[in-house]
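Novice: Residue numbering for the sequence shown follows the numbering used here, beginning at 822 and increasing consecutively. Even glycine gets a Cβ: it sits at the ideal position worked out from N, Cα and C.
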Amino acid sequence: FIKWKQKLYPRSILPADMDLITNSLSIEDLFRLSKRTCYYSRRHIDGFTEFLWQERLQNKLQLEGWSHIPKVSVSPLPLQHGTSRETEVLIMSLFYENNLLNSFLYKYDRSRWTTPLCICGEEEQTALHLLTSCHLNEEYIRNQASHLLSVGNGAHSDEFHCLGVVSVLNCSRDPNFIRVCKSMVETESLCLRKRISLPLEVQGTSSSQKV
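1. Express the C-alpha separation of L938 and T1008 in angstroms, rounding to a whole number.
2. By how many angstroms is the C-alpha of L926 removed from the C-alpha of S932?
3. Could you check whether I912 and V1006 sit closer than 8 Å to each other, using their CB atoms as the reference points?
4. Spatial neighbours of R963 within its chain, please: C-beta separation below 6 Å, excluding the five flanking residues on both sides.
5. Tell me which same chain residues have a C-beta within less than 6 Å of the C-beta of R994, skipping the five on either side of it?
6. What is the DSSP secondary structure of E849, reduced to helix, strand or coil?
7. Helix, strand or coil: how does DSSP classify S932 here?
8. Buried or exposed, going by whether 16 or more other CB atoms sit within 10 Å of the CB of H950?
9. Is it true that the region 855 to 862 meets the region 822 to 837, where meeting means three or more beta-carbon pairs spaced less than 8 Å apart?
10. Alpha helix (DSSP H) containing V1001: first to last residue?
11. Would you tell me roughly how many angstroms separate the C-alpha atoms of K892 and T904, rounded to the nearest one?
12. Would you decide whether N1068 is buried or exposed? Buried here means 16 or more other CB atoms lie within 10 Å of its CB.
13. Taking only the alpha-carbon atoms, compute the straight-line gap between I940 and L1011 and give it to the nearest angstrom.
14. Can you give me the C-alpha to C-alpha distance between L851 and W887, rounded to a whole angstrom?
15. Am I right that N997 and L970 are in contact with their C-beta atoms under 8 Å? What's the rounded C-beta distance?
16. Looking at chain D, is there any beta carbon in it that lies within less than 8 Å of the beta carbon of L984?
17. Within the continuous alpha helix (DSSP H) that includes G868, where are the two ends?
18. Below 8 Å between beta carbons: does that hold for F916 and L990?
19. Decide if S946 is buried, meaning its Cβ has at least 16 other Cβ atoms within 10 Å, or exposed.
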């Protein structure tokens, strides 16, 4: 933590402690550091937690073949007060590939969901399509979503599309983006699926469970 703090907040480290930190820091050396150097706040702990989390996630996903790694955050989703649980779940589902949209359900069970296409008939029904391309969504929502996705991913124009669902996840802590997502999932013309029934075998008899 001290070495991480030195890189990000060098002014918080006293000059007398720099040599101890730069060289191999032993347990004995820790007790020689000043209170100022050892001081930490909630912001420091959150930042260090995200650093460790991002490093571990990157190593894991790169081993699994991911080319784009999502940005981690310890901050909660900035959902508006009064948002219904149903709408909240729909918003959160946009940040994952496993959701209730046709693109995923078609891969999950083609005998039940026979097309990956959106009801607009133009593209696969993914979160990015609904937010930025589907003509059944309001144009001002599509424009706002495209702008916020570009800014949130440091991309030009629509380059964020190559990131897939990661680009949506990277904007999940932006209150303006969450408001756009809320407007989109509440658009009646999109006819978004709110739940599905999955068949279960219970003691040899067929049953179903709503998800």
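Specialist: Judging by the given coordinates:
1. In a straight line, the C-alpha of T1008 is about 18 Å away from that of L938.
2. The C-alpha of L926 is placed about 10 Å away from the C-alpha of S932.
3. In this structure, V1006 places its C-beta atom within 8 Å of the C-beta atom of I912.
4. When the five nearest sequence neighbours on each side are left out, the beta carbons in the same chain lying within less than 6 Å of the beta carbon of R963 are those of T953, in order along the chain.
5. Excluding residues up to 5 positions away in sequence, S894 and S896 lie with their Cβ nearer than 6 Å to the Cβ of R994 in the same chain.
6. Correct three-state label for E849: helix.
7. S932 falls in the coil class under three-state DSSP.
8. Its Cβ being crowded by 16 or more others within 10 Å, H950 is buried.
9. At 8 Å Cβ cutoff, the stretches touch.
10. For V1001, the enclosing alpha helix (DSSP H) covers residues P996 to V1006.
11. Between K892 and T904, the C-alpha separation is close to 25 Å.
12. Examination of residue 1068 is not possible in this model, given that the chain is present from 822 through 1032 alone.
13. Approximately 8 Å between the Cα atoms of the pair.
14. Going by the C-alpha atoms only, they are around 38 Å apart.
15. About 11 Å separates the two Cβ atoms, so there is no contact after all.
16. Of the protein chains in this structure there is only one, and it is not chain D.
17. From DSSP, the alpha helix (DSSP H) with G868 extends over R863 to L884.
18. Taking C-beta atoms as the reference points, F916 and L990 count as a pair closer than 8 Å.
19. According to the sequence provided, residue 946 is Gln. The question's Ser does not apply to it. Buried, since its Cβ has 16 or more Cβ neighbours within 10 Å.
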